[in-house]
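Notes follow the structure.
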Amino acid sequence: MSDLSHLDAQGRARMVDVGDKPVTHRVAKATGWLRCLPDTLTLVADGRAPKGSVVATAELAGVMAAKRTADLIPLCHPLPLTKIAVTIKADAGLPGFQLEAEVRTAARTGVEMEAMTAISVACLTLFDMLKAVDRSMEIGGISVAAKSGGSAGAWSRP
29 MSDLSHLDAQ GRARMVDVGD KPVTHRVAKA TGWLRCLPDT LTLVADGRAP
79 KGSVVATAEL AGVMAAKRTA DLIPLCHPLP LTKIAVTIKA DAGLPGFQLE
129 AEVRTAARTG VEMEAMTAIS VACLTLFDML KAVDRSMEIG GISVAAKSGG
179 SAGAWSRP
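All residue numbers for the sequence shown refer to this note's numbering, where the first residue is 29 and numbers rise by one.
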């Protein structure tokens, strides 16, 4: 028997029944980064990227991905999302981009997976749009930064 809620007594994967949990307002924030060459960052900042509006496209891709999380992660519950915001900021110190996603719902389970999916796909979109000019890019740091709602209450990464 497993203590993992997504496994039954025989070790088979199962979707957790959240039907008896109360509906609460839930928020999750996730972060991540894409590191690139300084020249790549300058190219984006100057609006000269070959594929166009890199940041706006990646932010939109993140929003779209959060809405499709239950289609991508096998045991995720489909949720009625009430807010999805993806923000990408240039960071010369990295050099590259810092990403943050905030996802909200009123539901019986949290939105951490939706927030991390938003970050993951936004990072991949940045990579796709810039790979022709920079093959050295690196994606990392994807994690839940904070969450609130539900019986576990609020939590944030120290």
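Note that the Cβ used here is the ideal one computed from N, Cα and C, for glycine as well. It should be emphasised that the depicted structure is a prediction, and the values quoted were computed from it without experimental measurement.
Supposed close pair residue i, residue j - CB separation, criterion 8 Å
i	j	result
Val72	Ala118	7 Å
Val91	Ile116	No, Val91 and Ile116 are not in contact; Cβ-Cβ is about 12 Å, not under 8 Å.
Leu103	Ala41	6 Å
Met157	Thr70	In fact, because the Cβ distance is near 15 Å, the residues do not count as touching under 8 Å.
Euclidean distance between Cα positions of residue i and residue j
i	j	result
Ala151	Ile170	Here residue 151 turns out to be Cys, not Ala, going by the sequence shown. Each residue's alpha carbon lies about 9 Å from the other.
Leu226	Ala180	The structure shown has nothing for residue 226, since the chain only spans 29 to 186.
Leu107	Ala174	19 Å
Ala143	Gln38	31 Å
Leu65	Pro123	7 Å
Ala98	Thr145	10 Å
Residue i in three-state terms, based on DSSP
i	result
Ala129	strand
Ala89	helix
Lys95	helix
Thr115	strand
Val72	helix
Ser148	helix
Leu35	strand
Met29	For Met29, the predicted structure reports a pLDDT of 38, less than 50, and the residue's modelled location is therefore unreliable. A value from the coordinates is still provided. Residue state, collapsed to three classes: coil.
Option in the options with minimal Cα separation from residue i
i	options	result
Val83	Ile147, Pro106, Ala41, Pro186	Ile147
Pro78	Leu154, Val46, Glu166, Thr110	Leu154
Arg54	Lys159, Leu109, Arg163	Leu109
Lys159	His105, Leu62, Gly39	Leu62
Val172	Gly124, Ala182, Arg163, Met165	Ala182
Arg132	Val161, Met165, Arg76, Gly177	Gly177
Gly20	Pro50, Ala94, Met141, Val161	With the chain running from 29 to 186 in the structure shown, residue 20 is simply not present.
Ala134	Thr52, Val44, Gly47	Thr52
Lys95	Gln126, Pro66, Cys64, Met141	Met141
Residue environment, residue i, which counts as buried when at least 16 other CB atoms sit within 10 Å
i	result
Gly60	buried
Glu166	exposed
Pro186	exposed
C-beta neighbour in chain C for residue i, strict 8 Å
i	result
Pro102	Among the chains of the structure shown, chain C does not appear; only one protein chain is present.
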